Amino acid sequence: MSSPSSPDQILLTTSSDGPVNAYDALTGTVLGRFNGGQSPRRGIALAGKSLIATSHVSLDTNTGCVYLYNWWSSSAFRYAPVPEPVAPLIATLDGSYLFCGGMSGHVHSLALPSCDHMFSFTAHSSPVSCFSINDDGSLLLTGGDDGAISVFSILSLFDSTSTESATLCRLAGHASAVTAISVGMGGAGLVFPCMIWSVVMDSTESQFYAGGSDGHVYSAHMKMDRRQSKRADELAEPVKWEPGHGAAVTAVVAMVNAGQQHLVSASEGGCIRVWCAESKRSVRAFWNEQGRSISDLVVARRARYSGGVGGFVGSCRQHDFEGPSSGFSSREIIRPAREVSEMEESLKVVAKDRKRAVETLEAAIETYQRLLVLILKEGNGGGGSNSNSSIKDSTED
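Heads up: the sequence shown runs through residues 1 to 397, numbered per UniProt numbering.
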């Protein structure tokens, strides 16, 4: 079996009671540590090529701040106070700005690397729980404890003085908190046997993986042939992977090595597992130092130059790249032929379904038109008979 990860794929983990650790995903060897601790769930973000941002909450003073690191130092080079305690973080694809989710439901934007506070805006009526940015970097999606997902135009957020014009839509469909967001094509509605803390899609966006509070990883298919689906709720049940972590799975990330899809999951118990996505088997497991809990996990890639900890390069949460992202266009250039073929087949199915729907609609319209003509004729005929009867009665009188 091929190795689950090349040596230049790096795992970064945060903990609520320990430092940020960097692991070689191939061996589980600790490559470095970044000082600091008390990072909540979703409290780490990779910004551009050289920056790591983590959120920190002081339990004594109930205040929050953001620590900013680079790859060649174990200590934060900048501490940015924020208006309130913040948990989830996410950076724009070019690494120029950082969004921080606050306990009040506000989102705070910081410029990088200066950490200057740019603006704040209301996203939810309760704490912001998670973030996501779409592939071309134009949309910011926020999830909250109020069970809603808000979608904002990032460009409008910076160009407009009012966030109302930047708000594209608000999706409400959860009875409890939104704990994770993953953006892609397709859709599915599934009921899991436990609370889900993390969700990620594979590179083809045909499957998604979820980390459960019961310590298990689950997977399910996203793509379905609409011609074979009788009802929207007739979907395959999620598949539970074994073995479990023994504690809640707090983070799940996908990575590709030698053309094979692999999954990395981390738990509150401090266990990290690397899985083969195809066989759904665990190929490696290692533990956080001193068994400390893991609040979040991201994947980074080592740069193509020598050096110690400074030889790393950040990537976005699901896609590896060197240098700033050029957005959706760069992703399309490197898209595998298999994905392109799948997209073409999906488009053909959509086109056929659309044609069939249009034909059905036209037939229904024609039927209603004929029915309307018959109703009008019958109505006019009934009115004429009544008039003739009235005229006849008047004549007899």
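The beta carbon of each residue, even a glycine, is placed where N, CA and C say it ideally should be.
Owing to the predicted nature of the structure, the values given are computational and were not obtained by experimental measurement.
Query raised in the report: Would you report the Cα separation of Thr-92 and Tyr-368, rounded to the nearest angstrom?
Result: Within the sequence shown, the letter at position 92 stands for residue 92. Within the sequence shown, the letter at position 368 stands for residue 368. Those two C-alpha atoms are separated by around 52 Å.
Query raised in the report: Bridge partners of Thr-250, per DSSP?
Result: Within the sequence shown, the letter at position 250 stands for residue 250. DSSP, once it has assigned bridges, lists no residue as partnering Thr-250.
Requested in this report: Output the boundary residues of the alpha helix (DSSP H) element that contains Ile-154.
Outcome: Working through the sequence shown from its first residue, we reach residue 154 at position 154. From DSSP, the alpha helix (DSSP H) with Ile-154 extends over 154-159.
Query raised in the report: Quick one: complete alpha helix (DSSP H) runs, 4+ long, within the stretch 128-212?
Result: Runs of the alpha helix (DSSP H) inside the stretch 128-212: 154-159.
**Report entry** Distance between Met-195 and Leu-347 (C-alpha atoms, nearest Å)
**Finding:** Translated into positions along the sequence shown, residue 347 becomes position 347. Translated into positions along the sequence shown, residue 195 becomes position 195. One C-alpha to the other measures close to 34 Å.
Query raised in the report: What are the boundary residues of the beta strand (DSSP E) that includes Pro-88?
Result: Mapped onto the sequence shown, residue 88 falls at position 88. Residues 86-91.
Report task. Determine the closest residue to Ser-73 out of Leu-59, Tyr-23, Phe-34, with distance taken between C-alpha atoms. Result -> On the sequence shown, position 73 is the one that residue 73 refers to. For Ser-73, the nearest C-alpha among the options comes from Phe-34.
Requested in this report: Tell me whether Ala-363 is buried or exposed, calling it buried when 16 or more other Cβ atoms sit within 10 Å of its Cβ.
Outcome: As a position in the sequence shown, residue 363 is number 363, starting the count at 1. Answer is exposed; the Cβ neighbour count stays below 16.
Requested in this report: Using beta-carbon positions only, say whether Ala-247 and Leu-297 come within less than 7 Å of one another.
Outcome: By 1-based counting over the sequence shown, the position of residue 247 is 247. By 1-based counting over the sequence shown, the position of residue 297 is 297. Against a cut-off of 7 Å, the Cβ pair of Leu-297 and Ala-247 comes out as no contact.
Query raised in the report: In angstroms, rounded to a whole number, what distance separates the CA positions of Val-20 and Ser-50?
Result: Numbered from 1 along the sequence shown, position 20 holds the residue referred to as residue 20. Numbered from 1 along the sequence shown, position 50 holds the residue referred to as residue 50. So the alpha carbons of these two residues sit roughly 16 Å apart.
Query - Sequence-distant residues of the same chain with beta carbon closer than 6 Å to Ala-210, five excluded per side - result: Walking along the sequence shown from the start, residue 210 turns up at place 210. Taken in chain order, the residues that qualify are Ile-196, Val-199, Tyr-218.
Query - Close-in-space but distant-in-sequence residues of the same chain around Ala-177 (CB under 6 Å, 5 per side omitted) - result: Position 177 of the sequence shown holds residue 177. Cβ neighbours of Ala-177 beyond the five flanking positions: Ser-129, Asp-145.
Query - Distance between Ala-351 and residue 399 (C-alpha atoms, nearest Å) - result: The structure shown does not extend to residue 399, since the chain is modelled only from 1 through 397, so no value can be given for it.
Query raised in the report: Nearest-angstrom Cα distance between Cys-271 and Arg-354?
Result: Translated into the one-based positions of the sequence shown, residue 271 becomes position 271. Translated into the one-based positions of the sequence shown, residue 354 becomes position 354. Whole-angstrom Cα-Cα distance: 47 Å.
Report task. Step through the CB atoms of chain B and report whether any lies within less than 7 Å of the CB of Gly-48. Result -> In summary, chain B is missing from the structure at hand, where a single protein chain is found.
Requested in this report: Pick out whichever of Ala-53, Gly-173, Asp-202, Thr-179 has its Cα sitting closest to the Cα of Gly-189.
Outcome: As a position in the sequence shown, residue 189 is number 189, starting the count at 1. Residue Gly-173 is the option with its Cα nearest to Gly-189.
Query - Cβ-based neighbour list, Pro-238, same chain, cut-off 8 Å, excluding 5 preceding and 5 following - result: Your numbering for residue 238 matches position 238 in the sequence shown. Cβ neighbours of Pro-238 beyond the five flanking positions: Leu-190, Phe-192, Ala-210, Tyr-218, Ser-219, Ala-220.
Query raised in the report: With a CB to CB cut of under 7 Å and the five nearest residues on each side skipped, what residues in its chain are close to Ser-16?
Result: Your numbering for residue 16 matches position 16 in the sequence shown. Only Gln-38, Ser-39, Pro-40, Ser-293, Ser-295 meet the Cβ criterion.
Report task. Go ahead and pull the three-state DSSP assignment for Leu-297. Result -> The count along the sequence shown starts at 1 and reaches residue 297 at position 297. If DSSP states are grouped into helix, strand and coil, Leu-297 belongs with the strands.
Query raised in the report: What is the DSSP secondary structure of Arg-354, reduced to helix, strand or coil?
Result: Mapped onto the sequence shown, residue 354 falls at position 354. Three-state DSSP puts Arg-354 in a helix.
Query raised in the report: Where Leu-155 and Ser-138 are concerned, what is the direct C-alpha to C-alpha distance, given to the nearest angstrom?
Result: Taking the sequence shown and counting its residues from 1, the one referred to as residue 155 is at position 155. Taking the sequence shown and counting its residues from 1, the one referred to as residue 138 is at position 138. Taking the straight line from one Cα to the other gives about 7 Å.
Requested in this report: Consult DSSP for Gln-38 and reduce its assignment to one of helix, strand or coil.
Outcome: Your numbering for residue 38 matches position 38 in the sequence shown. Reduced to three states, the DSSP call for Gln-38 is coil.
Query raised in the report: Excluding five sequence neighbours on each side, which residues of the same chain lie with their C-beta closer than 7 Å to the C-beta of Val-82?
Result: Along the sequence shown, read from residue 1 onward, the residue named residue 82 stands at position 82. Taking C-beta separations shorter than 7 Å and ignoring five residues to either side along the sequence, the partners of Val-82 in its chain run Gly-64, Cys-65, Val-66, Cys-100, His-108, following chain order.
Query raised in the report: For Gly-291, does the three-state DSSP call read helix, strand or coil?
Result: Position 291 of the sequence shown holds residue 291. Helix.
Query raised in the report: In this structure, does DSSP put Val-373 in helix, strand or coil?
Result: As a first step, residue 373 must be located in the sequence shown, where it is residue number 373. The answer is helix: DSSP assigns Val-373 an H, G or I state.
Report task. Please report how far the alpha carbon of Glu-378 lies from the alpha carbon of Leu-371, in whole angstroms. Result -> On the sequence shown, position 378 is the one that residue 378 refers to. On the sequence shown, position 371 is the one that residue 371 refers to. Looking at the two C-alpha atoms, the distance is approximately 11 Å.
Requested in this report: Per DSSP, which residues does Pro-81 bridge with? Please list them.
Outcome: Locating residue 81 in the sequence shown gives position 81, where the first residue counts as 1. Looking at the DSSP assignment, Pro-81 forms a beta bridge with Cys-65.
Report task. Determine the direct distance from the alpha carbon of Val-299 to that of Asp-94, and round the result to whole angstroms. Result -> The residue you call residue 94 lines up with position 94 of the sequence shown. The residue you call residue 299 lines up with position 299 of the sequence shown. Answer to the nearest angstrom: the Cα atoms are 17 Å apart.
Report task. Could you have a look at Gly-381 and say whether DSSP puts it in helix, strand or coil? Result -> By one-based count along the sequence shown, residue 381 stands at place 381. Reduced to three states, the DSSP call for Gly-381 is helix.
Report task. Give the single residue among Leu-112, Pro-243, Val-183, Ser-104 whose Cα lies nearest to the Cα of Leu-141. Result -> As a working note, residue 141 is residue 141 in the sequence shown. Closest option to Leu-141, Cα to Cα, is Val-183.
**Report entry** Residue from Tyr-97, Pro-113, Gly-32 with nearest C-alpha to Phe-119
**Finding:** Counted from its first residue, the sequence shown places residue 119 at position 119. That would be Tyr-97, whose Cα lies nearest to the Cα of Phe-119.
Report task. Return the first residue and the last residue of the beta strand (DSSP E) that Met-118 is part of. Result -> Here residue 118 refers to the residue found at position 118 when the sequence shown is read from its first residue. Met-118 -> beta strand (DSSP E) spans 117-122.
Query raised in the report: Per DSSP, Trp-275 is paired with what?
Result: Counting from 1 along the sequence shown, the entry for residue 275 is found at position 275. Partner(s): Leu-263, Ser-282.
Query - Per DSSP, cross-strand counterpart(s) of Tyr-368 - result: Looking up residue 368 in the sequence shown gives position 368. Answer by DSSP bridge pairing: none, since Tyr-368 is not bridged.
Report task. Give me the Cβ distance between Arg-78 and Leu-89, rounded to the nearest whole Å; I'm assuming they're in contact under 8 Å. Result -> Start at 1 with the first residue of the sequence shown, and residue 78 comes out as number 78. Start at 1 with the first residue of the sequence shown, and residue 89 comes out as number 89. Contact doesn't hold; Cβ gap of about 14 Å is too wide.
**Report entry** Backbone CA spacing between Trp-241 and Ser-206 [nearest angstrom]
**Finding:** Taking the sequence shown and counting its residues from 1, one reaches residue 241 at position 241. Taking the sequence shown and counting its residues from 1, one reaches residue 206 at position 206. Spanning the two alpha carbons is a distance of roughly 18 Å.
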